[in-house]
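For reference, the structure discussed in these notes is given below.
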Ligand SMILES: Cc1cc2nc3c(=O)[nH]c(=O)nc-3n(C[C@H](O)[C@H](O)[C@H](O)COP(=O)(O)O)c2cc1C
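In the numbering used here, the protein residues as written are 5 to 360.
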């Protein structure tokens, strides 16, 4: 019997990705004031590579010290010590024949003043999520509207962090444009009400993402990967559709496809849900307008769901199953009956309990 598509290799640029399974980016909130993750968090990533994941994403790395952080204990990659701490982790992942990709983000309007050394919350517009911040129990603070200085400064943070990742030896960089954080705040009219060059039309809302991608691309050697993560949902006001229509979403995907990125990573709650009142899922809607490789994520938890997701996408990412089941890749291979984990079960990620 021929082996499942899940365990067939996939080529992106010069990388032969050994199978179609990746560890989705997962924030662990384990760093102390040095912004370096705990050793057991590093060990977890290495173990997932040892146990068969072809791609290992880092947690969302914070891009600057002023306003980028959104959660306690997040990591950074801009000091020599931070870079040196990641270097052996990257090497160990690569030793397993896996690919290490650093995800970086600016949390935009999801910050609160005390979490950032400069006490600032910045976003494209002074609009807050409707829900309260579960981290503080308070409403999200009204953000400062970003001026051109802020925009340029924030882009420098993405560039410096990308440089740090290259210095640490990462195979790739991901720009986090999903989940209601800063880049997503610009892309979506749900959070962007600007009337200047960065707001209004879809093209103008895309400008900030374009400038970040272009600036980051300049500091990445040609033999590394650049991926971009997008979603139609955010971690606050989860029920809101961040793009108004399928046409609007597809316009953004078309613009992204003209950028110098190698992969589009689409994040969903549930990969097979139909989107934008159509009978098609997010991977299908994305595929209609791009030839770029597509990663898909969202409740892919066993062999049938992995195979099904791969009919529309090239690579699957898993967060909760990867987090809670160290043998997930082999369990998928053998077709074992596997559980669909809940978000509550995944909260162990934020404790200091070392994961297997
Ligand atoms: C503990 C935890 C931390 C997460 N942190 C991030 C993150 O840093 N960046 C990101 O893009 N998504 C993050 N996510 C979302 C996951 O990458 C993924 O999109 C989501 O959990 C759905 O996939 P799943 O159904 O396989 O869990 C996180 C999810 C979990 C459970």
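Glycine residues also receive a C-beta, built at the ideal position from the N, C-alpha and C atoms.
All figures in this text were calculated on a predicted structure; none of them were measured in a lab.
Whether residue i touches residue j by CB criterion (9 Å)
i: residue 316; j: residue 287; result: yes
i: residue 86; j: residue 175; result: no
i: residue 232; j: residue 302; result: no
i: residue 72; j: residue 186; result: yes
i: residue 78; j: residue 31; result: yes
i: residue 221; j: residue 264; result: yes
i: residue 166; j: residue 149; result: no
i: residue 177; j: residue 224; result: yes
i: residue 272; j: residue 236; result: yes
i: residue 241; j: residue 184; result: yes
i: residue 234; j: residue 270; result: yes
i: residue 330; j: residue 55; result: yes
i: residue 75; j: residue 33; result: yes
i: residue 219; j: residue 159; result: yes
i: residue 114; j: residue 66; result: no
i: residue 313; j: residue 275; result: yes
i: residue 321; j: residue 246; result: no
i: residue 337; j: residue 14; result: no
i: residue 157; j: residue 68; result: yes
Residue i beta carbon near ligand 1 (any heavy atom closer than 8 Å)
i: residue 63; result: yes
i: residue 324; result: yes
i: residue 31; result: yes
i: residue 28; result: yes
i: residue 182; result: yes
i: residue 111; result: no
i: residue 35; result: no
i: residue 273; result: yes
i: residue 360; result: no
i: residue 321; result: yes
i: residue 350; result: yes
i: residue 339; result: no
i: residue 77; result: no
i: residue 52; result: no
i: residue 144; result: no
i: residue 155; result: no
i: residue 327; result: yes
i: residue 39; result: no
i: residue 42; result: no
i: residue 345; result: yes
Burial state of residue i (16 or more Cβ within 10 Å)
i: residue 201; result: exposed
i: residue 104; result: buried
i: residue 324; result: buried
i: residue 212; result: buried
i: residue 297; result: buried
i: residue 344; result: exposed
i: residue 133; result: buried
i: residue 305; result: buried
i: residue 45; result: buried
i: residue 197; result: exposed
i: residue 143; result: exposed
i: residue 161; result: buried
i: residue 210; result: buried
i: residue 151; result: exposed
i: residue 285; result: buried
Segment limits, alpha helix (DSSP H) that includes residue i
i: residue 207; result: 206-222
i: residue 344; result: Here residue 344 belongs to no alpha helix (DSSP H), and DSSP marks it neither H nor E.
i: residue 176; result: Premise fails: residue 176 lies in the beta strand (DSSP E), 176-180, not in any alpha helix (DSSP H).
i: residue 155; result: 152-171
i: residue 30; result: Per DSSP, residue 30 belongs to no alpha helix (DSSP H) and is neither H nor E.
i: residue 94; result: 84-99
i: residue 290; result: 286-291
i: residue 124; result: Run containing residue 124: none; DSSP gives neither H nor E here.
i: residue 334; result: 332-338
i: residue 253; result: 250-261
i: residue 43; result: 43-54
i: residue 328; result: 324-328
Contact belief for residue i with residue j at Cβ below 8 Å, rounded distance in angstroms
i: residue 57; j: residue 21; result: About 10 Å separates the two Cβ atoms, so there is no contact after all.
i: residue 130; j: residue 147; result: 6 Å
i: residue 89; j: residue 50; result: Actually they are not in contact, since the Cβ atoms of residue 89 and residue 50 sit about 13 Å apart, beyond 8 Å.
i: residue 216; j: residue 179; result: 6 Å
i: residue 16; j: residue 326; result: Wrong, their Cβ atoms sit about 20 Å apart, outside the cutoff.
i: residue 53; j: residue 102; result: 4 Å
i: residue 141; j: residue 189; result: In fact, because the Cβ distance is near 22 Å, the residues do not count as touching under 8 Å.
Test: residue i CB closer than 9 Å to a CB of chain C
i: residue 161; result: No chain C is present in this structure, which holds just one protein chain.
Extent of the continuous beta strand (DSSP E) run through residue i
i: residue 270; result: 267-271
i: residue 192; result: That residue, residue 192, is in no beta strand (DSSP E); it is neither H nor E in DSSP.
i: residue 229; result: 229-235
i: residue 14; result: 14-16
i: residue 104; result: 103-109
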